[in-house]
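Residue numbers (the numbering used here), protein chains in the order written: chain E, 1 to 436; chain G, 1 to 178; chain L, 1 to 329.
Just so it is clear, CB atoms sit at the ideal spot from N, CA and C, and this is done for glycine as well.
All of these numbers come straight from a predicted model, not from anything done at the bench.
The structure appears right after this line, and notes come after that.
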Amino acid sequence: MIPLLMFAALFALVFAGIPVAFSMMIVAVAFGYAVFGDMLFLQLYGPLLHTASNFVLAAIPLFIFMGAVLERSGIAKRLFHALQIWLGGLPGGLALSTIAMCAIFAAASGVVGAVEIVVGLMAIPAMRAAGYRNDLIAGTICAGGSLGTVIPPSVIVVVYASIAQLSIGQLFAASILPGVLMVAFFVGYVLLRSLRRPDDAPVLPTEGRALPTGQKLKITVTALVPPLLLIAMVLGSLLAGAASATEAAAVGAAGTLVLTCMFRELSFSMLRAALGVTLRITAMIMLIVAGGTMFTSIFAVTGGGGLVRDTVEMIGYGNAGLIAFLLLVVFFAGFVLDWVSIVLIFVPIFAPLVRSAGIDPVWFAMLVLVVIQTSYLTPPMAPSIFYLRSIAPKDMTYGHMYRGVLPFVAAQGLVLAALLAVPELATWLPSILVGL
Amino acid sequence: MHFFRTGVAGLSALLGAAGQLTILAMIAAMLYEVVARYAFGAPTLWAFDISYMLNGSIIFLGAAYSLRKEAHVRIDFLSQKAPLRIQQLLNAAVYALLMAPVTGALTWVAASKALKAFQTGEVETVSPWAPLMWPFYAVIALGLLAFCLQFLLEALLYLRGEKIPGQTPDDHHCAPET
Amino acid sequence: EWKMTAAVGEGSFLYQNFMERFAGNVETLTQGRMEIQPFGAGVLVPAFKTYEAVQEGIVEAGHSTPSYLVNQDPTNAIFASFPGGMSPEATLHWIYEGGGEKMLQDFRREEMGLHSLVVGIGTSEIMAHSNVEIKTVEDLKGVKYRTSGAFAAVMKDDFGGVPTVVPGNEIYTLLQRKGVDAIEWSTPGANISEGFHEVAPYMIMPGVHQPSFLWEVFVKQETWDALPADLQALVEAAAKLSTYEGYTRFGDADIKAMADFRQTKVQMVQMEHAESEKLREAGRNWARARAAELSEGGNARMQEVLDSYLAYQSSWAENSVYLVRDAAE
Ligand code: NA
Ligand code: NA
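Structure, rendered in structure tokens:
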């Protein structure tokens, strides 16, 4: 009973608009006092120290820093231009460029969000000028912005791995195919819709794209090489096993600095801005991690683990029932909670259940990550839509946004179904990158 | 009052600047480790401890700074329907009456741990490098102290109606940056 | 009722075999008069802070290994077993018949105000899963070896090895991709499920770096003294029962695991006897040097414990020839 009250109290605070990290700390303190009395703060210092001393989490500020520098460099602008040259002639070409751009950025950095704004600022005016429908514009930008989590490297994967005691390298390897599949489904939807209803996404006039081949190639090379180099450095060093995730992230962060330096785009003020953002987001994520660790520790003492186990047993249907139940919990939590809170609250409870049921923990992690990705798009708490809102033109309404993201949520559902039907999508790559 | 405002803001900014430098230090330390291990075949004994300690320091050096910059995720689709004044009073109350005492108590614990580690010469438990722990503990304590004071300052700003929950005056990307 | 926090994660072999077993035995033997609620590492208290948490009174009981206190006081290494230490069976005898547990209890009470009960003694670990063949101490030179504690010091100072730190969940990946040359983890029974043999061609034995290991449960001395004498006796019996049951469970799991290892492609490398004896002697010298340092500083305890330990070891070595061995040769 007490564990349920903890959730009730948490939601009351969270919906009253108190920051999530602080809500979790307050609930932990209130309910922890009954158990620990005067010892409470001594005990709660443990989760704080635990978070602060976690080697695995040290990759997070580095991945965030990479994204923050990239976002402020000219790399995005050149990339979008180059993609437009190649993809602009296809049905829905601008939307395809947007998705491709988001995918490349996702593979070169660990966070979503910041990227969405950068891409959105360029893609929205272009698509509107070409006469794209508002809901398609909104959906494309939001869905593209959410790719950062499922395409490695990803900060979510780092946090997940640290909680579930899984190898980051393995999880990154496992998420490559689901990530590619998701991009493919997004592209498929855009193509299909543009072909069936050409008025929704009119083809661009050829002027501006009709460049001599030499110039085309030059633009493409200068635009594509930097991000591809970064991807090769980070994922390459990680998957080739040259470095742990934290080391790979440091290589990526340093590489990003070197690249922006080579393009003469690195300035003192840009570096300061990037460091400022990195510090803010890192502190924000880590304090949720700390708050979540406090919350789950009190949740466990008051008998929360047993409660969840009993519920799972009550549902029955073996492993299929267990997986369905856990994923549904994550999906519905995604409507109202942000990803850090979801991972922090549920993974510590789920991981032992999944392990003892003999379910492949890497496969399960992929299922959870795909479901968490929908939380970026599902209202009312939809970070992707919040970002879009901050840069959207006046006549693009919430209605457009919600209608626009629906098909993309369905595409995510298809990825989930594919993963459920063919677990090898998640387990095959780690198994060939691994093994004598 | 003026002294409190500028003092707390100054402390948060100072720790924030230190936190930003720490990020650069961490990049440098990890790069050194990669080069040492793969180019020279001689991994350092300290890279592991240093990286988690720097990361832990970043969190707490940035805690007050992130609060000042309103970087913490709020789920405000419901609460925004309430009158602004109510939102401000609620935030002021939660920050001053709950979060400030909670972080204050944690500061106390953190400071006594740091002091004890200093007095006993506590070293890292499992590391072959076995560094002294008190500098790391002291950074955590200092960061928590600034965090606690910043909560009081934020409460004051809400109370006086000078700040709106979820909005930062000097930065327009204030949506949850995840 | 005691809340007991562990230094290992929920669901791990150690957790089930030592911690849950002890909690179960206590409940059975006391017929429910006493109940222990176990929590995995990090749930209530970070893994390496269990001793401190019990001293501070955050939880009533803790479950950890003296290994985690070696950097604070090397006396712990003798109890935790160290390179050159006794075989598992000799350790078991020293602990219960040679005064070992008594010395550990005195040590914990006088230095930390804790009452300690030995609840687990383990079998020998695998010395390394390795990308390089290690047959002699020469082969250790320049080897990047994931290990810690006394063996890290001995490797580095006496044999030119390069001890490195790798977080638990990255060991597999880094070993596979040759980020480290060799790693030590645990016993055969525990290692096999980690799959290190899939990624590194050699398995080096015998595990002289950690011939045995020991886990204890501890409560504040006041907590213990407050228990009625009959309950104390029952909890002690439960602890001892847990040690013996856990020991044979480890051994049984190890033998089965070794049989499974033999079915794989992993190449089992037995270090030459004279060579592994060099490692053992270096380990004992490490312990002697630490004890001498402490004695000079006015703390004679480590020397006393080490003397008792080494005397028992010599006696066992000299007099156990009568025992029948089931070794292949
Ligand atoms: Na990514
Ligand atoms: Na959502």
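Would you please verify whether the beta carbon of residue i is less than 8 Å from any beta carbon of chain G?
| i | result |
| --- | --- |
| Pro163 (chain L) | yes |
| Gly89 (chain E) | no |
| Gly142 (chain L) | yes |
| Gly435 (chain E) | Low per-residue confidence applies at Gly435 (chain E): pLDDT is 43, beneath 50, and the placement is therefore not dependable enough to give any value. |
| Glu247 (chain E) | yes |
Residues of chain E with CB under 9 Å from residue i, in chain order?
| i | result |
| --- | --- |
| Pro46 (chain L) | Gly46, Pro47, Leu49, His50 and Ser53 |
| Tyr65 (chain G) | Gly276, Leu279, Arg280 and Ala283 |
Just to make sure I have the definition right: I need the residues of chain G whose C-beta is within less than 8 Å of the C-beta of residue i. Which are they?
| i | result |
| --- | --- |
| Ser148 (chain L) | Val126, Ser127 and Pro128 |
| Pro61 (chain E) | Ile23, Met26, Asn55 and Ile58 |
Using a threshold of 8 Å, state whether the C-beta atoms of residue i and residue j are closer than that.
| i | j | result |
| --- | --- | --- |
| Asp76 (chain G) | Trp129 (chain G) | no |
| Ala201 (chain E) | Ala95 (chain E) | yes |
| Met30 (chain G) | Ala52 (chain E) | no |
| Asp181 (chain L) | Lys144 (chain L) | yes |
| Ala173 (chain E) | Leu230 (chain E) | no |
| Val159 (chain E) | Ile168 (chain E) | no |
| Ser57 (chain G) | Thr246 (chain E) | no |
| Leu419 (chain E) | Val370 (chain E) | yes |
| Tyr342 (chain L) | Leu92 (chain L) | The displayed coordinates of chain L run from 1 to 329. Any statement about residue 342 (chain L) would go beyond what the structure contains. |
| Leu44 (chain L) | Thr5 (chain L) | yes |
Within the 8 Å Cβ cut-off, does residue i reach chain L?
| i | result |
| --- | --- |
| Gly358 (chain E) | no |
| Leu135 (chain G) | Note on identity: in this sequence residue 135 (chain G) is Pro, with Leu being the wrong assignment. Chain L, which has no Cβ nearer than 8 Å to the Cβ of Pro135 (chain G), makes this no. |
| Thr178 (chain G) | A caution first: Thr178 (chain G) carries a pLDDT of 38, below 50, which makes its placement in the model too unreliable to give a value. |
| Ala42 (chain G) | yes |
| Val123 (chain G) | yes |
| Gln215 (chain E) | no |
| Gln373 (chain E) | no |
Return no unless some Cβ of chain E is closer than 8 Å to the Cβ of residue i.
| i | result |
| --- | --- |
| Glu318 (chain L) | no |
| Leu174 (chain L) | yes |
| Ala71 (chain G) | yes |
| Ala53 (chain L) | yes |
| His173 (chain G) | Low confidence applies here, because His173 (chain G) scores a pLDDT of 41, under 50, leaving its location unreliable and the question unanswered by this model. |
| Gly98 (chain L) | no |
| Ser12 (chain G) | no |
| Pro165 (chain G) | yes |
| Gly42 (chain L) | yes |
Tell me residue i's beta-bridge partners as DSSP assigns them.
| i | result |
| --- | --- |
| Ser130 (chain L) | L:Ala182 and L:Tyr202 |
| Trp2 (chain L) | L:Ile36 |
| Trp215 (chain L) | L:Gly120 |
| Arg146 (chain L) | L:Thr164 and L:Ile183 |
| Ala61 (chain L) | L:Met4 and L:Val219 |
| His115 (chain L) | L:Val219 |
| Val269 (chain L) | L:Ile204 |
| Leu83 (chain E) | Beta-bridge pairing links Leu83 (chain E) to no other residue. |
What residues from chain E crowd round residue i, counting only those whose CB sits closer than 7 Å?
| i | result |
| --- | --- |
| Phe39 (chain L) | Ala300 |
| Glu109 (chain G) | It is Val, not Glu, that sits at residue 109 (chain G) in the sequence shown. Residues of chain E passing the Cβ test: Phe41, Leu42 and Tyr45. |
| Val8 (chain L) | Those do not exist, as Val8 (chain L) stays about 11 Å from chain E at its closest Cβ, beyond 7 Å. |
Starting from the beta carbon of residue i, find every residue of chain G whose beta carbon is closer than 9 Å, and list them in chain order.
| i | result |
| --- | --- |
| Ala153 (chain L) | Pro128 |
Using a Cβ cut-off of 7 Å, pull out every chain L residue sitting near residue i, in sequence order please.
| i | result |
| --- | --- |
| Phe48 (chain G) | Val165 |
Consider the C-beta atom of residue i and the heavy atoms of ligand 4; say whether any pair is separated by less than 7 Å.
| i | result |
| --- | --- |
| Ser167 (chain E) | Of the ligands one can find in the structure shown, namely ligand 1 and ligand 2, none is ligand 4. |
Name the chain L residues that come within less than 8 Å of residue i, Cβ to Cβ?
| i | result |
| --- | --- |
| Phe36 (chain E) | Ile58 |
Could you work out which residues of chain L lie near residue i, taking near to mean beta carbons separated by less than 9 Å?
| i | result |
| --- | --- |
| Ser390 (chain E) | In chain order: nothing, as chain L lies at least about 37 Å away. |
Give the interface partners of residue i over in chain G, defined as CB-CB distance under 7 Å, in chain order.
| i | result |
| --- | --- |
| Pro19 (chain E) | His72, Val73 and Arg74 |
| Phe15 (chain E) | Ile75, Leu78 and Ser79 |
Whose Cβ in chain E lies nearer than 8 Å to the Cβ of residue i?
| i | result |
| --- | --- |
| Ile140 (chain G) | Leu48, Leu49 and Ala52 |
Taking 8 Å as the cut-off, does the stretch 332–343 of chain E touch the stretch 306–314 of chain E (at least 3 CB pairs, one atom from each stretch)? Counting Cβ pairs under 8 Å, fewer than three are found: no touch.
Check distances from the C-beta atoms of the stretch 57–76 of chain L to those of chain B and list, in chain order, the residues that come in under 9 Å. Looking for chain B here will not work: the only protein chains present are E, G and L.
Would you call the stretch 145–153 of chain G and the stretch 93–107 of chain G touching, i.e. three or more CB-CB distances under 8 Å? Touching, yes.
Cβ pair count under 8 Å reaching 3, the stretch 14–27 of chain L against the stretch 109–124 of chain L: The answer is yes - the stretch 109–124 of chain L touches the stretch 14–27 of chain L, with three or more Cβ pairs under 8 Å.
Would the stretch 353–363 of chain E and the stretch 31–38 of chain E be scored as touching if the rule is three or more Cβ pairs under 8 Å? No, the stretch 353–363 of chain E is not in contact with the stretch 31–38 of chain E.
Three CB pairs or more closer than 8 Å across the stretch 408–416 of chain E and the stretch 370–386 of chain E: Touching, yes.
Touching or not, the stretch 272–282 of chain E and the stretch 18–28 of chain G, by the rule of three or more beta carbon pairs under 8 Å? They touch, by the three-pair rule.
Give a yes or no on contact between the stretch 127–140 of chain L and the stretch 41–60 of chain L, applying the rule of three or more CB pairs nearer than 8 Å. The stretch 127–140 of chain L is not in contact with the stretch 41–60 of chain L.
Looking at C-beta atoms only, is the number of pairs between the stretch 290–310 of chain E and the stretch 36–43 of chain L that lie closer than 8 Å three or more? Touching, per the Cβ criterion.
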